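Protein chains in written order, with the working numbering: chain A, 1 to 336; chain B, 337 to 457.
Every residue, glycine too, gets a C-beta built ideally from N, C-alpha and C.
Keep in mind the model is a prediction, meaning the values are calculated, not measured.
One structure is given here, and the rest of the page talks about it.
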């Protein structure tokens, strides 16, 4: 993230800048998504106003919520497995912070240029399943255990369509590095959403399920399981899970924007120009908001699936479709 | 240190950053929050009544088959990714090879489907 500043930094200075930008990159989109979509858009779609009292149109509501959660008493259920119960939010948030690393915000504005890029992101994102299972098991509560097991079953089922839908993009770009995937899209002269539209649809459905957003929210189904694996969590520890969930939503949207919508690039503008390092992150942010809008739109529109319908959709429909997409993309790549 | 290792050092630093953030928030909260212990607060939630039996109950192992299938397909993904990056160099040879590989895996999926293990009863 440093070359654009045209200053020479020592490694430790560089690291401090990265840490500050990393915190902003995780927390700012999270707040934006929760306020814009969860508080306001969802309210308007349900014919109500949402928060209005705190600041203009409730703009300070997030700070009020944060202050509220900060003052809550810290409750450990007496029967809980204390270590597992306490460690679960750490695991989930570590997965989120490692995920944000791979996002490129410009030709030389990135945290780290991993050659494994998207593969690393997919691998790290599945670590959060362990945190969810730990929360479910450590609570020593029936609702939490059922929620945790449901989450595990759902996340492993939708991991596969997610991974396989990305392969089409990798075939077209010929690299796993996200920065090079973005550059190859401008080489093609077309965003991968058009040749890879099927892959994009599968990716959207899969991230909806990976994020346990409705209609795929069986692990936290409040009418069946109270709040699933979060039942015993209260106060700040609950907020940490909440932050991780929406931060991951923002990052998955940004990865989707990078893979399918050309990342930081703008059509007809040189993607490697120096100034792209400055406006690139904002362009990526706008595209991220676009995909996140779709996630929350589905969330508000559809009723919850049943558990067997969810598994059927993944195994009998999305996985064969994703394999079909890979074969067709590969044939096109070799023949043309 | 090489650039390759440095890029992964950043990964470690961000992992530590997450741990530090959570610890800092919990630490700040510990200064602000009240602590008034009452034994009733620490009972597990079970819709308002006292919990019956243990929370770590037994559950159906229908997850087991899905987990096995998941391992199979995830290993497949591990093979597909390197192939996908080099497809241009492999050309028709790579295409045919991977088509055979995917076909065999699809056979496995169809077998599981016909056996009825993909149902979540």
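Checklist entry - Closer than 8 Å, CB to CB, is residue 119 of chain A near chain B or not? => result Translated into positions along the first chain, residue 119 of chain A becomes position 119. Judged by the 8 Å Cβ criterion, residue 119 of chain A is in contact with chain B.
Checklist entry - Nearest chain B C-beta to residue 325 of chain A closer than 8 Å, yes or no? => result On the first chain, residue 325 of chain A is found 325 positions in, with the first residue counted as 1. Chain B, which has no Cβ nearer than 8 Å to the Cβ of residue 325 of chain A, makes this no.
Checklist entry - Going by the beta-carbon positions, is the gap between residue 136 of chain A and residue 149 of chain A smaller than 8 Å? => result In the first chain, the residue the question calls residue 136 of chain A occupies position 136. In the first chain, the residue the question calls residue 149 of chain A occupies position 149. A contact, by the Cβ cut-off of 8 Å.
Item to check | Proximity test, Cβ basis, 8 Å: residue 378 of chain B and chain A | outcome: Locating residue 378 of chain B in the second chain gives position 42, where the first residue counts as 1. Judged by the 8 Å Cβ criterion, residue 378 of chain B is in contact with chain A.
Checklist entry - Within the chosen definition, does the segment 161-176 of chain A reach the segment 215-234 of chain A through at least 3 CB pairs nearer than 8 Å? => result no
Next on the checklist: Can you give me the C-alpha to C-alpha distance between residue 374 of chain B and residue 342 of chain B, rounded to a whole angstrom?
Outcome noted: Taking the second chain and counting its residues from 1, the one referred to as residue 374 of chain B is at position 38. Taking the second chain and counting its residues from 1, the one referred to as residue 342 of chain B is at position 6. Distance from the CA of residue 374 of chain B to the CA of residue 342 of chain B, rounded to the nearest whole angstrom, comes to 50 Å.
Item to check | Member of A:269, A:131 and A:180 whose CA lies at the smallest distance from the CA of residue 145 of chain A | outcome: On the first chain, residue 145 of chain A is found 145 positions in, with the first residue counted as 1. Ranking A:269, A:131 and A:180 by Cα distance to residue 145 of chain A puts A:131 first.
Next on the checklist: Strictly under 8 Å for the Cβ-Cβ distance: is residue 350 of chain B near chain A by that measure?
Outcome noted: Position 14 of the second chain, counted from the start, is the residue given in the question as residue 350 of chain B. Cβ-Cβ to chain A under 8 Å: yes for residue 350 of chain B.
Next on the checklist: Below 8 Å on the Cβ atoms is my contact criterion, and I expect residue 111 of chain A with residue 22 of chain A to pass it. Report the Cβ-Cβ distance as a whole number of Å.
Outcome noted: Counting from 1 along the first chain, the entry for residue 111 of chain A is found at position 111. Counting from 1 along the first chain, the entry for residue 22 of chain A is found at position 22. Going by Cβ atoms, the distance from residue 111 of chain A to residue 22 of chain A rounds to 6 Å, so yes, they are a contact pair.
Checklist entry - By Cβ distance, which residues of its chain are closer than 7 Å to residue 340 of chain B, with the 5 residues on each side in sequence left out? => result Residue 340 of chain B sits at position 4 when you count from the first residue of the second chain. So the list is empty, once near-sequence residues are dropped.
Checklist entry - Secondary structure at residue 281 of chain A, three-state DSSP: helix, strand or coil? => result Mapped onto the first chain, residue 281 of chain A falls at position 281. Note: residue 281 of chain A maps to helix in three-state DSSP.
Item to check | Cut-off 6 Å between Cβ atoms - residues of its own chain near residue 296 of chain A, not counting five sequence neighbours on either side | outcome: Locating residue 296 of chain A in the first chain gives position 296, where the first residue counts as 1. Contacts found: 37.
Checklist entry - Can you list the residues of chain B that residue 281 of chain A reaches, using a CB-CB cut of under 7 Å? => result In the first chain, counting from the first residue as 1, residue 281 of chain A sits at position 281. Near residue 281 of chain A there are no residues of chain B at all, since even the closest Cβ is about 17 Å away, more than 7 Å.
Checklist entry - Shorter than 8 Å from the beta carbon of residue 2 of chain A to some beta carbon of chain B? => result The residue labelled residue 2 of chain A in the question sits at position 2 within the first chain. Residue confidence for residue 2 of chain A is low, a pLDDT of 47 falling below 50, so the modelled location carries little weight and cannot support an answer.
Next on the checklist: For residue 412 of chain B and residue 28 of chain A, I'd like the C-alpha separation in whole angstroms.
Outcome noted: Numbered from its first residue, the second chain carries residue 412 of chain B at position 76. Numbered from its first residue, the first chain carries residue 28 of chain A at position 28. Whole-angstrom Cα-Cα distance: 36 Å.
Checklist entry - Using a C-beta cutoff of 8 Å, does residue 365 of chain B count as contacting chain A? => result Residue numbering aside, residue 365 of chain B sits at position 29 when the second chain is read from its first letter. Yes, its Cβ sits closer than 8 Å to a Cβ of chain A.
Checklist entry - When Cβ atoms are compared, which residues of the segment 99-116 of chain A fall closer than 7 Å to chain B? => result For the segment 99-116 of chain A, residues whose beta-carbon sits nearer than 7 Å to a beta-carbon of chain B comprise 101, 111, 112, 113 and 114.
Checklist entry - Whose Cβ in chain B lies nearer than 8 Å to the Cβ of residue 141 of chain A? => result As a first step, residue 141 of chain A is located in the first chain; it is residue number 141 there, counting from the start. Neighbours of residue 141 of chain A on chain B, chain order: 380, 381, 382, 387 and 391.
Item to check | Per-residue contacts from residue 89 of chain A into chain B (C-beta, under 8 Å) | outcome: Numbered from its first residue, the first chain carries residue 89 of chain A at position 89. Within 8 Å Cβ-Cβ: 358.
Checklist entry - With 16 as the cutoff for other CB atoms within 10 Å, does residue 223 of chain A come out buried or exposed? => result One-based indexing of the first chain puts residue 223 of chain A at position 223. By the 10 Å Cβ count, residue 223 of chain A comes out exposed.
Next on the checklist: Quick check: the Cα distance between residue 221 of chain A and residue 305 of chain A, rounded to an integer number of angstroms?
Outcome noted: Taking the first chain and counting its residues from 1, the one referred to as residue 221 of chain A is at position 221. Taking the first chain and counting its residues from 1, the one referred to as residue 305 of chain A is at position 305. Rounded to the nearest angstrom, the two C-alpha atoms are 10 Å apart.
Checklist entry - Tell me, which residues are paired with residue 110 of chain A by DSSP? => result Residue 110 of chain A sits at position 110 when you count from the first residue of the first chain. According to DSSP, which records beta bridges pairwise, residue 110 of chain A is partnered with A:104.
Checklist entry - So does residue 328 of chain A have its beta carbon nearer than 7 Å to some heavy atom of the ligand NAD? => result With respect to small molecules bound, the structure shown includes none, and the ligand NAD cannot be examined in it.
Next on the checklist: Strictly below 9 Å CB to CB, what residues from chain A border residue 406 of chain B?
Outcome noted: Start at 1 with the first residue of the second chain, and residue 406 of chain B comes out as number 70. Simply 156, 157, 159 and 160.
Next on the checklist: Which same chain residues end up closer than 8 Å to residue 430 of chain B when comparing Cβ atoms and leaving out the 5 residues on each side of it in sequence?
Outcome noted: Numbered from 1 along the second chain, position 94 holds the residue referred to as residue 430 of chain B. Closer than 8 Å at Cβ, skipping near neighbours: 419, 422 and 423.
Checklist entry - Can you give the Cα-Cα distance for residue 124 of chain A and residue 310 of chain A, rounded to whole angstroms? => result Start at 1 with the first residue of the first chain, and residue 124 of chain A comes out as number 124. Start at 1 with the first residue of the first chain, and residue 310 of chain A comes out as number 310. Distance between the alpha carbons of residue 124 of chain A and residue 310 of chain A is about 23 Å.
Item to check | Contacts that residue 74 of chain A makes with chain B (C-beta to C-beta distance below 9 Å) | outcome: Walking along the first chain from the start, residue 74 of chain A turns up at place 74. Under the 9 Å cutoff, chain B gives 362, 365, 366, 369 and 371.
Checklist entry - In chain A, which residues lie with their C-beta within 8 Å of the C-beta of residue 417 of chain B? => result Numbered from 1 along the second chain, position 81 holds the residue referred to as residue 417 of chain B. Going along chain A in sequence order, the residues near residue 417 of chain B (Cβ under 8 Å) are 119, 167, 170 and 176.
Item to check | Under 9 Å from the C-beta of residue 427 of chain B: neighbouring residues of chain A | outcome: Against the second chain, residue 427 of chain B aligns to sequence position 91. Simply 334.
Checklist entry - Does DSSP put residue 152 of chain A in a helix, in a strand, or in coil? => result Looking up residue 152 of chain A in the first chain gives position 152. Helix.
Checklist entry - What three-state label does DSSP hand residue 10 of chain A in the structure shown? => result Position 10 of the first chain, counted from the first residue, corresponds to residue 10 of chain A. Residue 10 of chain A falls in the coil class under three-state DSSP.
Checklist entry - Which whole-angstrom value describes the C-beta separation of residue 89 of chain A and residue 240 of chain A, a residue pair presumed to lie in contact below a C-beta threshold of 8 Å? => result By 1-based counting over the first chain, the position of residue 89 of chain A is 89. By 1-based counting over the first chain, the position of residue 240 of chain A is 240. About 4 Å; that satisfies the 8 Å criterion.
Next on the checklist: I'd like the list of long-range same chain contacts for residue 257 of chain A, defined as Cβ closer than 8 Å, with 5 residues on each side in sequence excluded.
Outcome noted: Position 257 of the first chain, counted from the start, is the residue given in the question as residue 257 of chain A. Around residue 257 of chain A: 263, 284, 287, 288, 290 and 291.
Next on the checklist: Can you confirm whether residue 222 of chain A, when its beta carbon is compared against all beta carbons of chain B, has any partner nearer than 8 Å?
Outcome noted: In the first chain, residue 222 of chain A corresponds to position 222, counting from 1. Answer no: the Cβ-Cβ gap between residue 222 of chain A and chain B never drops below 8 Å.
Checklist entry - If we cut at 8 Å on Cβ distances, does residue 153 of chain A have a partner in chain B? => result Numbered from 1 along the first chain, position 153 holds the residue referred to as residue 153 of chain A. Proximity of residue 153 of chain A to chain B, defined by a Cβ-Cβ separation below 8 Å, is satisfied.
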